[in-house]
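Note sheet for the following structure.
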Amino acid sequence: MWTLADIAKHIGATVQGDALYEVSSIATLQSGQSGQLSFLSNKKYKKYLADTHAGAVIVSEDMAPYVPQHALIVADPYVAYAKAAALLHPVKLAPEGVHPSASIASDSIVHPSASIAAQVVIASGVSIAEGVVIGPGCVILDNVSIGESTRLTANITLCEGVKIGKRGIIHPGVVIGADGFGIANDKGKWINVPQVGSVLIGDDVDIGANTTIDRGAIDDTTIADGVKLDNQIQIGHNVVIGENTVIAGCVGIAGSTVVGKNCVIGGGAGVSGHLQIADGVMLTGMTMVTKSIKQAGSYSSGIPSEDTHKWHKNVIRYRQMDKLIERVKQLENSTKSE
Amino acid sequence: MWTLADIAKHIGATVQGDALYEVSSIATLQSGQSGQLSFLSNKKYKKYLADTHAGAVIVSEDMAPYVPQHALIVADPYVAYAKAAALLHPVKLAPEGVHPSASIASDSIVHPSASIAAQVVIASGVSIAEGVVIGPGCVILDNVSIGESTRLTANITLCEGVKIGKRGIIHPGVVIGADGFGIANDKGKWINVPQVGSVLIGDDVDIGANTTIDRGAIDDTTIADGVKLDNQIQIGHNVVIGENTVIAGCVGIAGSTVVGKNCVIGGGAGVSGHLQIADGVMLTGMTMVTKSIKQAGSYSSGIPSEDTHKWHKNVIRYRQMDKLIERVKQLENSTKSE
Amino acid sequence: MWTLADIAKHIGATVQGDALYEVSSIATLQSGQSGQLSFLSNKKYKKYLADTHAGAVIVSEDMAPYVPQHALIVADPYVAYAKAAALLHPVKLAPEGVHPSASIASDSIVHPSASIAAQVVIASGVSIAEGVVIGPGCVILDNVSIGESTRLTANITLCEGVKIGKRGIIHPGVVIGADGFGIANDKGKWINVPQVGSVLIGDDVDIGANTTIDRGAIDDTTIADGVKLDNQIQIGHNVVIGENTVIAGCVGIAGSTVVGKNCVIGGGAGVSGHLQIADGVMLTGMTMVTKSIKQAGSYSSGIPSEDTHKWHKNVIRYRQMDKLIERVKQLENSTKSE
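Chains as they are written, first to last, in our numbering: chain A, 1 to 338; chain B, 339 to 676; chain C, 677 to 1014.
Below you can see the structure in the form of structure tokens.
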């Protein structure tokens, strides 16, 4: 239980109502009950504010008059909510030390404060820093290093030599440092090009479930500080992702492409290899990028869904544009000729 | 070995030929031999019927005259085949009890009839019902519950508090309940929004290999009874999937979208967040949905492949449509003006 | 350390400069130092050649005059580099024998020269050939067979009866032989169609991280010799992939489609089910294939990204093509009528 006063202090809010009122958990405006803390960030949910039963609501100043019970008034309700939620729902502490079923090479260094769960495998020459959590079934191959307070949930694979920064969160099924897709055609047969680079992951990087980041061919694949990756993203060898860039689920970025800082890439987008994407670029969902993007701004492609019958018709029209242009040309000539 | 009489009884068929004829396995019309059971469902394979060596064939009444050997006559050959195949090729029973290499928290409840394979990890407060099968390498985190007769193949991760219904099948590499992709921008730095919801999976739900279903931000992500998910699907936080909806491989559904009942979503389709998709909606493969769909029916997008040279040309035409419309407008004016 | 003479002999090169000069590792032209070997394959990197500090460079004959230090002259520098890199950076040998934490069914046959790592599970009736490496956390289910010298990195799942050829490389998170997506609608409820086929993988096949290949419904899913698959590819049941075909990341191929030999499929492409793709077909990235392709050649679809504002406009234009064609028709009539 936290008093609104305590939470206000933590998130930098002004209390409207009883500062000693206590809340124990987070809820939406619709589901909130007394003893719960809710928030209003997106104005389109304002309609739920008047009738909410949540004991307290985080709002911006202009919404405060409409809060039925107690309010915490802040400049940015969503950020404040994130911080309050972290206070009310702290990450469960993992037990320090090594589970007896874990298998750890004798020459690897694991900080005594780290938590190594059941069925974990830590190979040779690995270095695990203070406060790191390695969840069940993770496999850490030779010479990997993991920085302070980074957490691996479960069933994650870190391949040889991968370096992970501090305070990161890596979700289940992630594979970092598998061989990049490098092949050479030797008289009709494909031979592998050894992938001798590695992967460098900065600090405060989150990586979503089943995302894959390949090791570099010669130099390293690099993910800068503060990057947030959603699920099922594929990042090819020697890609560089700039600071604080955010990538949504199911995105593919092909080899050697450099993505700038503070970019936002929508779900299902695809970026070809060997391109440069400037800082501050936004790609909407399912956008197909085949050329470098040199200026900040929003870019899109793809045609949204329509009735399947209309779609068939439009696809045919699309293929007839050539003919149409011909017809217009003839009309222009015939009208001129008069 | 099963007699046609026994199979007919099980699938509700009429036998044409020797009811005591015995079959031991399923085969296609082309590969079938004596002692094998085949079927004809898609009429385009009718051409293989006359020459099949399969000892017996499941067919609809109109096809029965063309069956060279014995026939099982039913209304729906594909459904009947599915049931007969399940009879001839039953799921191998997993041994009851816990493999010695599994690691199970003392406060978790595992029904004695459940099968817990090698290298499994079951954390604290977990509840495993009657007849559940947990395959090798699965990781079940705190407070997960799994309903009767649900089977997890191998290397699956169920995160904290996830609830799975009865008779489900979950394939390798699936991750259920990883954190949703919730971030807030705090003066240029992204901070995580704690994901305190969970995932509720109904009864008779199948989930394909390497599919990921994220936990809710506040409320739960929900997959209703009878939903069938193929491989490598990404389902964002707080998505709701209605009863008996079927989703093919590589589909991405962004956060808070509600998909109705009895929908069929084709492979590689993408659905934006915070949308409503009505009951009975069909999306063809690779369709891009950016707005809610309020009526049942089939929807599509995307332009199918063509020769790369033509494609280049059409893309240029597409970008010139503006100019073309200008030219047509001028023509209209010039003809009017006469 | 290798002398240029030794490397020249291995890759079939002519030495320009000191044949006894020694190199120990691979580097790019930009990062190369003395004692390192670099290469120039793509002419667009020629600008870096003059200033490289790499002790030796693999080049084609025409580039040899511009190499500042020693050169290895070959017909195909990229292939030669691949072979030299394999010489300088050999795959680390895995220890022979079985790790004590691995769990292996008594009736499975593991060649004494094979390497079985920690936390591996090998079920019943499995056959592991000479020189096979099974990395940590892999799960090999009943009756799988793996051919000579094939390497599984970590956390891989091979399901019942899957057959893998020789000299393959399988990366983490791969799932081979999960049930194909076969369902039948029994009066409104979906029932599973038992998937009784398996998966056959040829020799020299590489499979990227988190790629999934489903087992066949009746016959087997088949991947021919020399196929190279990148990460996060989905291959449906009964698909056949021809020899030496290369598939980039995030591609989906739906059930029963047959892809020819020597095809190259770009990242994010999608191919519908039950199609035939001829030998020697190339698909550019994100191409959507809905019909069989009968002739070798390059095929494409999708419209590349543009400024979001222009995109909105073009999508509207696209939907108005019908009207435009109407207007052109009227103009044609009105001009005729004069």
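The beta carbon of each residue, even a glycine, is placed where N, CA and C say it ideally should be.
This structure is a prediction, so every number in the text was calculated from the model and none was measured.
Check                                                                                                                                                                                       : Outcome
By a C-beta neighbour count over all protein chains shown, 10 Å radius and 16 as the cutoff for buried, is methionine 626(B) buried or exposed?                                             : buried
DSSP three-state label for valine 596(B), please.                                                                                                                                           : strand
Which bits of chain C does lysine 651(B) rub up against, with CB to CB less than 7 Å?                                                                                                       : The contacting residues do not exist; lysine 651(B) stays about 11 Å from chain C at best.
What are the boundary residues of the beta strand (DSSP E) that includes isoleucine 539(B)?                                                                                                 : 537-539
Might you give, ordered along the chain, the residues of its own chain that have their beta carbon closer than 8 Å to the beta carbon of serine 800(C), omitting 5 neighbours on each side? : Ala781, Asp783, Ser784, Asp818, Asn819
How is alanine 756(C) classed by DSSP in three states: helix, strand or coil?                                                                                                               : helix
State buried or exposed for glutamine 614(B), treating a residue as buried only when at least 16 other CB atoms are found within 10 Å of its CB.                                            : exposed
Just to confirm before moving on: does the CB-CB distance between alanine 547(B) and valine 851(C) stay below 8 Å?                                                                          : yes
Among Pro77(A), Val281(A), Tyr48(A), which residue has its Cα nearest to the Cα of isoleucine 7(A)?                                                                                         : Pro77(A)
Using a Cβ cut-off of 7 Å, which residues of the stretch 281-307 of chain A contact any Cβ in chain F, in chain order?                                                                      : Among the protein chains of the structure shown, namely A, B and C, there is no chain F.
For tryptophan 311(A) and tyrosine 637(B), what's the separation of their Cα atoms in angstroms?                                                                                            : 8 Å
Quick test of the definition: if touching needs 3 or more C-beta pairs under 8 Å, does the stretch 411-426 of chain B touch the stretch 761-774 of chain C?                                 : no
Is the beta carbon of isoleucine 551(B) closer than 8 Å to that of isoleucine 573(B)?                                                                                                       : yes
Between Gly611(B), Asn600(B), Gln374(B), which has its C-alpha nearest serine 594(B)'s C-alpha?                                                                                             : Gly611(B)
Quick check on asparagine 548(B) - is its C-beta less than 8 Å from some C-beta in chain C?                                                                                                 : yes
Where does the unbroken beta strand (DSSP E) through leucine 713(C) begin, and where does it stop?                                                                                          : 712-715
Give me, in chain order, the residues of the same chain whose beta-carbon lies closer than 6 Å to that of glycine 252(A); leave out the 5 immediate sequence neighbours on both sides.      : Gln234, Gly270
Beta carbons nearer than 9 Å to chain B: which residues of the stretch 150-179 of chain A have them?                                                                                        : Thr153, Ala154, Asn155, Ile169, His171, Pro172, Gly173
For the beta strand (DSSP E) holding leucine 72(A), just list the boundary residues, first then last.                                                                                       : 70-73
Is the beta carbon of leucine 72(A) sitting closer than 8 Å to the one on isoleucine 11(A)?                                                                                                 : yes
Please decide whether glutamine 709(C) counts as near chain B, where near means a Cβ-Cβ distance under 8 Å.                                                                                 : no
What is the rounded straight-line gap between the Cα of alanine 5(A) and the Cα of leucine 158(A)?                                                                                          : 43 Å
For proline 741(C), count the other beta carbons within 10 Å of its own beta carbon; 16 or more makes it buried, fewer makes it exposed. Which is it?                                       : exposed
Does the Cβ-Cβ distance between lysine 46(A) and leucine 40(A) come in under 8 Å?                                                                                                           : yes
What are the partner residues of aspartate 862(C), as DSSP defines its beta bridges?                                                                                                        : Lys865(C)
I'd like to know if asparagine 343(A) contacts chain C, where contact means its C-beta is closer than 8 Å to some C-beta of that chain.                                                     : A question about residue 343(A) goes unanswered here, because the residues of chain A that appear run from 1 up to 338.
Under 9 Å between beta-carbons, which chain B residues line up against isoleucine 859(C)? List them in chain order, please.                                                                 : Ala420, Asp544, Lys566, Val584
Below 8 Å on the Cβ atoms is my guess for alanine 114(A) versus valine 139(A); work out the distance and round it to an integer in Å.                                                       : Not a contact, Cβ separation roughly 16 Å.
Between valine 666(B) and chain A, is the shortest Cβ-Cβ distance under 8 Å, so that the two count as touching?                                                                             : yes
If contacts are defined as beta-carbon pairs under 8 Å, then histidine 913(C) and threonine 897(C) qualify, I think. What distance do you get, rounded to the angstrom?                     : 6 Å
Looking at the C-beta of asparagine 1009(C), does it have a partner C-beta in chain B at a distance below 8 Å?                                                                              : no
Grouping DSSP H, G and I as helix and E and B as strand, with all else coil, what is isoleucine 654(B)?                                                                                     : helix
Please classify tyrosine 359(B): does DSSP put it in a helix, a strand, or coil?                                                                                                            : coil
Give the list of continuous beta strand (DSSP E) stretches no shorter than 3 residues that lie fully inside the stretch 800-870 of chain C.                                                 : 851-854, 859-862, 865-868
Using only alpha-carbon positions, find the residue among Ile877(C), Thr679(C), Lys1005(C) that is nearest to alanine 695(C).                                                               : Thr679(C)
What is the DSSP secondary structure of aspartate 738(C), reduced to helix, strand or coil?                                                                                                 : helix
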